[in-house]
Amino acid sequence: MRAKESQGGLLLERATQLCNTAKTFPGYLHSNIRLRDADASQEVIVGLSFLRARDLTVWEQSEQRAGHLQECELLMEGPGRHLSLADLDSGMAGDTPGQLATAPPRWKTALWVWIALFPTSVALNFFVAPLLGGLPLVLRTLITTVLTVPIVIWLGVPAAHFVRDLFWRRR
9 MRAKESQGGL LLERATQLCN TAKTFPGYLH SNIRLRDADA SQEVIVGLSF
59 LRARDLTVWE QSEQRAGHLQ ECELLMEGPG RHLSLADLDS GMAGDTPGQL
109 ATAPPRWKTA LWVWIALFPT SVALNFFVAP LLGGLPLVLR TLITTVLTVP
159 IVIWLGVPAA HFVRDLFWRR R
């Protein structure tokens with residue numbers, strides 16, 4: 009929500025009230041409010057988390073939420089961008105909410121898989137491969153892949169996403 013000139017403080021108050029109201033709804037987990045100065049106005053970004061999709065849907069369809077958003081719109085420059093449960097899939101993929109999600113180019117996917125896989129492969133080849141030297145090739149491959157896949161899924165990919173997010177935040 010981009011505030012009209014000199015309305016940033018009031019819009020922030022309204023956003024806080026919206027979050028406080030959301031706390032009273034079943035399944036509420038967390039809310040956050042971020043401020044971003046853009047051009048000469050202030051942008052207020054509200055994030056709400058709910059335990060289940062149906063809890064979020066109840067909040068999205070509530071009269072209380074509609075009333076808060078209506079109050080906020082009076083303080084905003086242009087229309088606000090409201091992301092709903094239906095937008096989560098596209099938003100998580102980095103696409104524009106409200107539009108069909110598109111897969112990233114294959115080279116990007118390949119690069120991030122490699123970034124997640126490379127350190128694991130180096131570590132396993134350094135520490136585990138020497139211990140498996142006397143085993144047949146198929147058995148060595150079976151053991152290393154059984155170790156590689158969970159390490160990459162639970163450690164490598166989240167670490168790669170963390171690095172990517174750090175990189176994007178600094179830009």
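For reference, each letter of the sequence shown is one residue, going 9 to 179 in the numbering used here. Backbone N, C-alpha and C define an ideal beta-carbon position, used for all residues, glycine too. None of these values were measured; they are calculated from a predicted model.
By DSSP, does Gly55 sit in helix, in strand, or in coil? strand
In chain order, what residues of the same chain have a beta carbon less than 6 Å from the beta carbon of Pro34, not counting five sequence neighbours either side? Asp63
To the nearest angstrom, report how far apart Pro127 and Glu71 are at their CA atoms. 51 Å
Note down the Cα distance separating Ser98 from Ala131, rounded to an integer number of angstroms. Because the pLDDT of Ser98 is 45, which lies under 50, any placement of that residue in the model is unreliable, and the number read from its coordinates should be weighed accordingly. Cα to Cα, Ser98 sits roughly 35 Å from Ala131.
Hey, would you say Gln69 sits closer than 9 Å to Gly16, going by beta carbons? no
Beta bridge counterpart(s) of Asn40 as assigned by DSSP: Gly55
For Thr117, the three-state DSSP class (helix, strand or coil): helix
Who are Asp45's beta bridge partners in DSSP? Gln50
Considering just the uninterrupted stretch of the alpha helix (DSSP H) at Pro166, what are its terminal residues? 165-178
With 16 other Cβ atoms within 10 Å as the buried cut-off, status of Leu174: exposed
Run through the DSSP bridge pairs and tell me what Ala11 is partnered with. Met84
Taking buried to mean at least 16 other C-beta atoms within 10 Å of its own C-beta, is Ala74 buried or exposed? exposed
Buried/exposed call for Trp176, threshold 16 Cβ in 10 Å: exposed
Delimiting residues of the alpha helix (DSSP H) encompassing Val154: 145-159
Burial state of Leu119 (16 or more Cβ within 10 Å): exposed
Could you tell me the distance, in whole angstroms, from the CA atom of Thr117 to the CA atom of Arg60? 29 Å
Going by beta-carbon coordinates alone, are Ala167 and Thr152 separated by less than 9 Å? no
Between Tyr36 and Thr65, what straight-line distance do the alpha-carbon atoms span, to the nearest angstrom? 11 Å
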